[in-house]
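Residue numbers (this note's numbering): 107 to 472.
What follows is a single structure, written as structure tokens, with notes after it.
Quick look at the structure:
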């Protein structure tokens, strides 16, 4: 399974990056300036934390890539079999992560800088050479320090994954789920260069639906992770919002205690995803004020919402359109429904009352 590809098979590899632009890739929760192309290399700025993903889902494949960190101690990763967007309350996808750490980051009993593999945010995997957990550790230390180039060869087949670091297999896992999904490159603080990304698809037997990642739902990120571009906000309220990388924070200290954000552009549908973490003094989140005939109000005084807000954990609110209904769900549980009139395009409106943090704000573009 993990042998090197023969010379006669080499031509079956196809470029995953065209060395010119991001054709074939989707910006998930990072703005265009996070990913640029220089001298045929894909350059990641490391800011904000987030990902790009392939347009296409992959099941069984071999991925080869060269990478180098340009900042000592830099952090990044390659995700395989990932969902279309990020998981609740984090800037990362449910997926299997292949670690891309620079050696100066340091090592511990819990991680190395030489190619760990581990499931993240709801994914599962059985590690080979594990340490009483789900993380697979490399059997050798083969990564080269910044600014030297490293070569990764990642083979994914029927839920099994192996990593070759600089031409020797060192890390393996089995029984992964999902085992079909997107490939992502992660931005996480440090400048990283990628080159010679190429992929060879392998035969794909039928895979059970429970092992397939969430496919593209058409969501695009509405928050850049850097600033409030794309949002309308009253001048008197702007200073009360802070772009803290992947988290957008509201301090709740406006005269009214609330603030309203409205997208500058119309969206194709009321369908949206918003992650919220209530802070001390949080009162309510209203979605659709001034846009929907009956906005959805999630109040700390409401019995259904109170238990969610009291935990001070991240909550994923999602509005979906189902035939003639708008459905609001919180962490996958239906909270409210309303009959919808024939829908036309319009902006997304979010009114936050009291201190809170927002993240993973997605909508559907026209």
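Built from N, CA and C at the ideal position, the CB exists for glycine as well.
Closest by C-alpha distance to residue i, when choosing among the options
i           : options               : result
residue 207 : 173, 120, 189 and 401 : 173
residue 399 : 431, 232, 280 and 388 : 431
residue 297 : 355, 176, 404 and 408 : 176
residue 143 : 226, 124 and 275      : 124
residue 237 : 229, 250, 227 and 222 : 222
residue 461 : 409, 472, 137 and 348 : 348
residue 350 : 332, 325 and 359      : 332
residue 251 : 393, 180, 385 and 472 : 180
residue 303 : 184, 166 and 385      : 184
residue 151 : 136, 120, 420 and 161 : 136
residue 168 : 196, 121, 178 and 130 : 121
residue 291 : 263, 186 and 166      : 186
residue 375 : 324, 220 and 409      : 324
residue 195 : 314, 443, 156 and 220 : 156
residue 382 : 353, 242, 165 and 256 : 353
residue 245 : 372, 277, 444 and 265 : 277
residue 464 : 472, 408 and 392      : 392
Extent of the continuous beta strand (DSSP E) to which residue i belongs
i           : result
residue 147 : 147-150
residue 431 : 431-436
residue 193 : That residue, residue 193, is in no beta strand (DSSP E); it is neither H nor E in DSSP.
residue 470 : 462-471
residue 167 : 167-175
residue 303 : 298-307
residue 405 : 402-405
residue 341 : Segment 341-344 is the alpha helix (DSSP H) holding residue 341; no beta strand (DSSP E) there.
residue 441 : 439-445
residue 123 : Element bounds for residue 123: n/a, residue is neither H nor E.
residue 313 : Looking at the DSSP string, residue 313 is not in any beta strand (DSSP E), and its letter there is neither H nor E.
residue 373 : 373-384
residue 131 : 131-133
residue 271 : 266-271
Identified DSSP bridge partners for residue i
i           : result
residue 244 : According to DSSP, which records beta bridges pairwise, residue 244 is partnered with nothing at all.
residue 280 : 232
residue 156 : 293
residue 211 : Answer is none; residue 211 lacks a bridge partner.
residue 253 : BP columns for residue 253 are empty, so no partner.
residue 318 : 286
residue 141 : 150
residue 186 : 202
residue 366 : 457
residue 181 : 207
residue 347 : 356
residue 338 : 368
residue 392 : 403 and 457
residue 275 : 270
8 Å contact criterion, which residue i and residue j should meet: CB distance rounded
i           : j           : result
residue 424 : residue 379 : 5 Å
residue 258 : residue 171 : 5 Å
residue 240 : residue 225 : 5 Å
residue 153 : residue 293 : 7 Å
residue 454 : residue 469 : 5 Å
residue 434 : residue 388 : Actually they are not in contact, since the Cβ atoms of residue 434 and residue 388 sit about 18 Å apart, beyond 8 Å.
residue 232 : residue 280 : 5 Å
residue 243 : residue 235 : 5 Å
residue 310 : residue 165 : 4 Å
Range covered by the alpha helix (DSSP H) that runs through residue i
i           : result
residue 325 : Element bounds for residue 325: n/a, residue is neither H nor E.
residue 416 : 409-416
Quiz item: Can at least three beta-carbon pairs, one atom from the segment 264-277 and one from the segment 143-155, be found at a separation below 8 Å?
Solution: no
Quiz prompt | Any 3 or more C-beta pairs closer than 8 Å across the segment 333-352 and the segment 209-221 | solution = no
Self-check item: Inter-stretch contact (C-beta, 8 Å, three-pair minimum) for the segment 317-326 and the segment 185-204
Solution: Cβ pair count under 8 Å is three or more, so yes.
Quiz item: Do the segment 403-422 and the segment 358-368 touch if we need at least three Cβ pairs shorter than 8 Å?
Solution: no
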